[in-house]
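Heads up: the structure comes next, in structure tokens.
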Amino acid sequence: MDCIFCKIVDGELPAKKVYEDEHVVAFHDINPIAPVHVLMIPKKHIPSLLAIGEADKELIGHLHLSLQKVAEAMDVKESGFRVVTNIGTHGQQTVFHLHYHLIGGRQLEWTM
Numbered sequence: 003m004d005c006i007f008c009k010i011v012d013g014e015l016p017a018k019k020v021y022e023d024e025h026v027v028a029f030h031d032i033n034p035i036a037p038v039h040v041l042m043i044p045k046k047h048i049p050s051l052l053a054i055g056e057a058d059k060e061l062i063g064h065l066h067l068s069l070q071k072v073a074e075a076m077d078v079k080e081s082g083f084r085v086v087t088n089i090g091t092h093g094q095q096t097v098f099h100l101h102y103h104l105i106g107g108r109q110l111e112w113t114m
């Protein structure tokens, strides 16, 4: 499989990790849009939110709980942050492996 995030999971590509356990990994985005911009991915390859299946419910719950740990580790838990996932080409998804952007560290604006 030619998935850049799977290569990070497998250790084939480097990443500046901030959190990892047996199911998920979080690492700094290479093109941050805020002082804190971390990507959280499941280690299992899931192409997008639309590809989550019944068997993935526990994994997705774990991923969300892990986002809380990352927010605390990145010191944005109290000040606030945004969690975003892009789906499909119109949603600006560029890597087709489910991932969440945890963005914070400054006052965020709402853009449409």
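In our numbering, the protein residues as written are 3 to 114. We put the beta carbon where it would ideally sit given N, CA and C, even for glycine. Computed from a predicted model, the values in this text were never measured in an experiment.
When DSSP builds the beta bridges, which residues end up paired with residue i?
{"i": "Val86", "result": "His103"}
{"i": "Val26", "result": "Pro44"}
{"i": "Lys19", "result": "Phe29"}
Determine whether the beta carbon atoms of residue i and residue j lie at a separation below 7 Å.
{"i": "Asp31", "j": "Leu15", "result": "no"}
{"i": "Leu110", "j": "Arg84", "result": "yes"}
{"i": "Lys45", "j": "Phe29", "result": "no"}
{"i": "Ile43", "j": "Phe7", "result": "yes"}
{"i": "Gly37", "j": "Arg108", "result": "Per the sequence shown, residue 37 should be read as Pro rather than Gly. For Pro37 and Arg108, yes; Cβs fall inside 7 Å."}
{"i": "Ile89", "j": "Leu51", "result": "yes"}
Got a sec, what are the start and stop residues for the alpha helix (DSSP H) residue i sits in?
{"i": "His39", "result": "No alpha helix (DSSP H) contains His39, which is instead part of the beta strand (DSSP E) from 38-44."}
{"i": "Phe7", "result": "6-11"}
{"i": "Leu67", "result": "59-75"}
Hey, out of the options, whose CA is closest to residue i's CA?
{"i": "Val26", "options": "Ala36, Pro34, Thr96, Asp12", "result": "Asp12"}
{"i": "Gly106", "options": "Gly93, Leu100, Met76, Thr96", "result": "Met76"}
{"i": "Thr91", "options": "Asp23, Pro49, Glu24, Gly82", "result": "Pro49"}
{"i": "Leu67", "options": "Lys79, Thr113, Ile89", "result": "Lys79"}
{"i": "Thr113", "options": "Leu100, Gly63, Val86, Gln95", "result": "Val86"}
{"i": "Lys71", "options": "Ala53, Ala17, Glu22, Cys5", "result": "Glu22"}
{"i": "Leu61", "options": "Glu24, Leu104, Cys5, Gln95", "result": "Glu24"}
{"i": "Ala73", "options": "Gly93, Glu56, Leu104", "result": "Leu104"}
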